Every structure is written in structure tokens, then in C-alpha cells.
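Beneath this line is the structure, given in C-alpha cells, with notes to follow.
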Amino acid sequence: MSDFINGFWGYYVAFVVLAGIAWCLWLIFSQRKWLKSQSGIVQDTGHVWDGDLREMNNPVPRWWTMMYIMMCLFGLGYLVLYPGLGAFQGSLAYTSAQEVKQDQAALDAMVKPTYARFAKMDIPQIAADPEAHLIGERLFLNNCAQCHGSDAKGSTSFPNLVEGDSMYGRQPEVLLATITQGRNGVMPALAAVIDAGTAGDIAQYVRSLSGLAHDQIRIVRGKREYMNACAACHGAEGKGNKALGAPNLTDDVWLYGSSEATIVHSILNGRNNRMPAQEQTLTSDQIRLVAAWVWGLSKGVDVTSATVTSARAK
Ligand code: HEC
Ligand code: HEC
Numbered sequence: 045m046s047d048f049i050n051g052f053w054g055y056y057v058a059f060v061v062l063a064g065i066a067w068c069l070w071l072i073f074s075q076r077k078w079l080k081s082q083s084g085i086v087q088d089t090g091h092v093w094d095g096d097l098r099e100m101n102n103p104v105p106r107w108w109t110m111m112y113i114m115m116c117l118f119g120l121g122y123l124v125l126y127p128g129l130g131a132f133q134g135s136l137a138y139t140s141a142q143e144v145k146q147d148q149a150a151l152d153a154m155v156k157p158t159y160a161r162f163a164k165m166d167i168p169q170i171a172a173d174p175e176a177h178l179i180g181e182r183l184f185l186n187n188c189a190q191c192h193g194s195d196a197k198g199s200t201s202f203p204n205l206v207e208g209d210s211m212y213g214r215q216p217e218v219l220l221a222t223i224t225q226g227r228n229g230v231m232p233a234l235a236a237v238i239d240a241g242t243a244g245d246i247a248q249y250v251r252s253l254s255g256l257a258h259d260q261i262r263i264v265r266g267k268r269e270y271m272n273a274c275a276a277c278h279g280a281e282g283k284g285n286k287a288l289g290a291p292n293l294t295d296d297v298w299l300y301g302s303s304e305a306t307i308v309h310s311i312l313n314g315r316n317n318r319m320p321a322q323e324q325t326l327t328s329d330q331i332r333l334v335a336a337w338v339w340g341l342s343k344g345v346d347v348t349s350a351t352v353t354s355a356r357a358k
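Take the sequence shown: its position 308, counting from 1, is numbered 352 in this note's numbering, and each next residue is one higher.
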């Protein structure tokens with residue numbers, strides 16, 4: 045009830061509520077025939093139907109009137125205890141947000157023993173524990189699969205957490221930071237300094253880095269421009285930069301796609317990609333278990349370009 049833009053509306057609401065109850069009490073008082081019904085004389089309205097059916101003006105039963113008055117008193121009592129009178133909090137200082145907090149605390153206390161066993165383990169140990177594996181998988185399916193896919197292999201703009209080089213790294217502490225605080229990968233739009241033709245040449249060079257079909261002549265110019273405009277973030281060899289989240293361009297895992305048009309789009313328009321922080325939704329215990337599950341998928345190893353190249357060479 046503290047959301048009123050100024051004090052006036054709090055008083056206004058309180059006035060309307062109290063005036064409503066006062067009106068109800070006045071209404072029953074103004075109709076107080078039951079007091080008179082003691083006399084035993086019942087008024088006749090004078091309406092007659094079907095020859096002899098007379099409409100009398102009997103007062104409502106006393107129990108009904110009592111109930112009505114009790115309801116009004118109940119309403120007043122409620123407004124003393126609970127918030128209802130504008131900005132007045134009520135003497136119990138009840139809020140539904142507080143109730144949710146209490147429920148959450150009760151739930152946390154209930155699940156705490158389940159997680160207590162993992163508190164002293166490090167991420168690789170948790171990853172090896174069968175019970176933790178099941179909990180971690182469940183947490184992943186409920187909280188992460190909508191973006192990263194139920195096999196954690198991602199899709200366009202949502203990174204593959206299993207294969208290829210990771211954008212930020214797969215060491216336990218990096219995973220914990222990524223999941224807890226989220227990530228925001230930003231590649232600036234370069235349309236102001238690079239024209240579409242040059243971007244196409246750079247894209248050809250980028251394709252050549254991972255062994256995709258490319259134009260031998262255009263990559264010469266493309267490489268020169270790449271060194272000027274891209275190497276600072278993606279590295280001279282195109283292996284990326286985990287501190288910036290700049291992807292490795294030499295492997296065969298693509299966040300957006302490997303076609304010339306898609307790469308040109310990334311260059312000209314930039315990219316802005318966000319992984320939401322999970323610290324509001326998950327407890328730190330839960331984050332450790334889901335991090336361990338993700339870590340276990342690749343055993344924390346980034347499939348380096350060397351592995352990819354050697355695999356392809358065979
Ligand atoms: C709303 C969609 C969304 C949800 C939900 C989500 N993620 Fe992400 N996640 C992303 C995006 C998008 C990125 C890439 C961020 C970037 O480009 O900087 C990302 C990045 C990551 C990375 C870094 C990948 C890398 O290559 O280094 C990890 C690890 C990760 N997420 C794990 C998780 C886990 C575990 C959960 C569940 C607790 C989760 N994510 C929930 C969208 C999501
Ligand atoms: C300021 C650093 C920065 C610069 C400069 C930069 N990039 Fe990026 N680039 C990034 C980041 C960060 C991402 C990841 C964006 C995301 O999280 O979605 C990215 C993503 C990409 C992708 C998408 C990769 C995929 O897997 O789909 C391509 C392709 C790319 N950059 C190419 C280039 C090229 C070519 C240039 C030079 C013209 C360039 N970048 C310049 C930081 C940079």
C-alpha cells in the first residue's frame with residue numbers, strides 16, 4: 045500500500061472504505077423496524093393479490109440483523125489488523141510479499157539437507173556424484189533447456205554448452221560466474237567503418253579460418269581488413285577471447301551461422317546477446333549443482349581447434 049503517488053490517495057481510499065461501512069450501519073439503523081416489532085403490530089402495505097393475499101411489512105428476523113451488524117464489526121476489526129485503509133499497514137503489518145518470503149524460507153530449509161552433502165565437494169566431485177547428476181539435470185531442464193536445448197547443444201544465438209570452444213570458458217569458477225551473474229556478449233556494429241563489399245571479403249577470410257569453402261582471391265584483402273578491425277577481439281589467429289566472450293572463429297561451432305551473409309550481418313550490425321543472471325531464481329546450492337552438470341558434459345575441456353582440425357584431417 046506504499047505505492048500511492050502522494051499521501052492524499054491513502055486518505056481518500058481510507059475515507060471511501062470507512063464511509064462504506066458507516067453507510068451500511070446507517071442503512072440498517074434507518075430500517076430498524078425490528079425494535080418496533082416488539083409491539084406485535086405489523087404494518088400492512090395495503091397491497092392485495094388474488095383476492096385475499098395481503099403483503100405485510102414484517103421486519104427482517106432479529107438474527108439476520110445481528111448477523112449484519114456483526115459483519116460490519118468484522119470488517120472494522122479486519123481493517124485494524126490487515127492493510128485495507130489506504131496507506132495504513134494494519135497492526136499485524138502483514139504483506140503478501142512477506143508471506144512469499146516465509147514460504148520460500150520454509151522451502152529452502154526443507155531442501156537444505158539434500159544439498160548439505162555437496163557443500164564441501166568441488167565441482168568435479170559433484171559432477172561425479174550420481175544423485176547430484178540427477179538433481180543437476182532436473183535443474184537444467186527446468187531452468188536452462190528453454191534456451192540451450194534439452195541436450196544443451198544450443199541453437200541460433202544460444203551457445204552450445206557441450207561441443208566446440210566455449211565463449212567464456214568451462215572452468216568451474218567461470219561456469220559459476222556465468223550462471224550466477226549472467227553474460228552479455230556485445231560485438232559493435234561496424235557498418236560505419238566497413239562497407240558491405242569489404243565485409244563480404246572479411247567473411248570469406250573468416251570462413252577460411254575453419255576450413256569452409258572460400259574465395260582464394262577475396263581472402264587476401266579479407267585477411268588484411270580482419271587484422272585491422274577484428275583481431276583485437278577475436279585474436280590474430282581467430283581463436284577468440286574468453287574475457288570478452290568473443291567466439292573462436294576457427295572451430296565448426298557457430299552461434300549465428302557460417303554463411304557469408306550471416307557473417308556480413310554480424311560485422312555490419314553487430315551482436316548483442318544476453319544470458320540472464322540466475323541468482324534471483326536459483327540458490328547458490330542449486331547453481332553449484334547445475335554448473336557441475338554442465339561441467340560434466342564436456343569434463344570442463346574446451347574442444348580446441350587443434351582437436352577439431354585433427355579430427356577433420358583423418
Ligand atoms: C533466456 C535464455 C537463457 C537461459 C534461460 C539460460 N541461458 Fe545460458 N546463455 C544464454 C545466452 C543467449 C548465452 C550467450 C551469452 C553471450 O552471447 O554472451 C548464454 C551463455 C551461457 C554460457 C556460456 C557459454 C559459453 O560458450 O561460454 C553458459 C555456461 C550458460 N549459458 C549456462 C546456462 C545455464 C546452466 C542455464 C540455466 C541455469 C542457462 N544458461 C540459462 C541464454 C540463456
Ligand atoms: C569489440 C570486440 C569485437 C570486435 C572488434 C569484433 N567482434 Fe565479432 N564478436 C564479438 C563478440 C563479443 C561476439 C559474440 C556476440 C554474442 O555473444 O552473440 C562476436 C561474434 C562474432 C561472430 C559470430 C560468431 C558465431 O559463432 O556465429 C562473428 C562471425 C564475428 N564476431 C566476426 C567478427 C569480425 C569478422 C569482426 C571484424 C570485422 C569482428 N567480429 C569484430 C566481439 C567483437
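We treat Cβ as the ideally placed atom computed from N, Cα and C, and that holds for glycine.
If you're wondering where the values come from, they're calculated on a predicted model, not measured in any experiment.
Ala335 is classed as buried because its beta carbon has at least 16 other beta carbons within 10 Å across all chains shown. In summary, Glu304 is buried, with 16 or more beta-carbon neighbours lying within 10 Å of its beta-carbon over all protein chains present. Minimum Cα-Cα distance from Cys116 among the listed residues Met165, Gly284 and Ala63 corresponds to Ala63.
Relative to the non-hydrogen atoms of ligand 1, the Cβ of Met271 never comes closer than 7 angstroms to any of them. By the 16-neighbour rule on beta-carbons within 10 angstroms, Asn228 is exposed. Two segments are said to touch when three or more pairs of C-beta atoms, one from each, lie closer than 8 angstroms; by this definition the segment 208 to 218 touches the segment 286 to 293. In the structure shown, the three-state DSSP call for Thr89 is strand.
CA-to-CA, the gap between Leu129 and Phe59 works out to about 8 angstroms. The beta-carbon distance between Phe162 and Leu299, rounded to whole angstroms, is 32 angstroms. This is too long to meet the 8 angstroms contact definition.
For Ile223, the CB falls within less than 7 angstroms of some heavy atom of ligand 1. Every candidate beta strand (DSSP E) stretch fails here, since none sits fully inside the segment 196 to 226 while reaching 3 residues.
Using a 10 angstroms sphere on the CB of Pro216, the tally of other CB atoms reaches 16 or more, which defines it as buried.
Look at Asn187 here: in three-state DSSP terms it is helix.
When DSSP reads this structure, Val230 sits in a beta bridge with Asn316. Burial is judged here by how many other beta carbons sit within 10 angstroms of a residue's own beta carbon; Gly301 has fewer than 16 and is exposed. The three-state secondary structure of Met165, taken from DSSP, is coil. By the CB criterion at 8 angstroms, Arg265 and Ala257 fall outside the cutoff. For the pair Asn102 and Val92, the CB atoms are not nearer than the 8 angstroms cut-off. When DSSP states are grouped into helix, strand and coil, Asn101 belongs to the strand group. Sequence-distant partners of Val206 (beyond 5 residues in either direction) whose C-beta falls short of 8 angstroms from its own C-beta, in its chain, are Asp195, Ala196, Lys197, Leu341 and Ser342.
In the DSSP assignment, no residue is bridged to Ala141.
In this structure, the CA atom of Val345 is about 36 angstroms from the CA atom of Ile261.
Shortest gap from the CB of Arg318 to any heavy atom of ligand 1: under 7 angstroms. Around the beta carbon of Gly95, a 10 Å sphere encloses fewer than 16 other beta carbons of the protein chains shown; the residue is thus reported as exposed. Using a cutoff of 7 angstroms, the CB of Gln148 does not count as near ligand 1, since none of the ligand's heavy atoms is closer than that.
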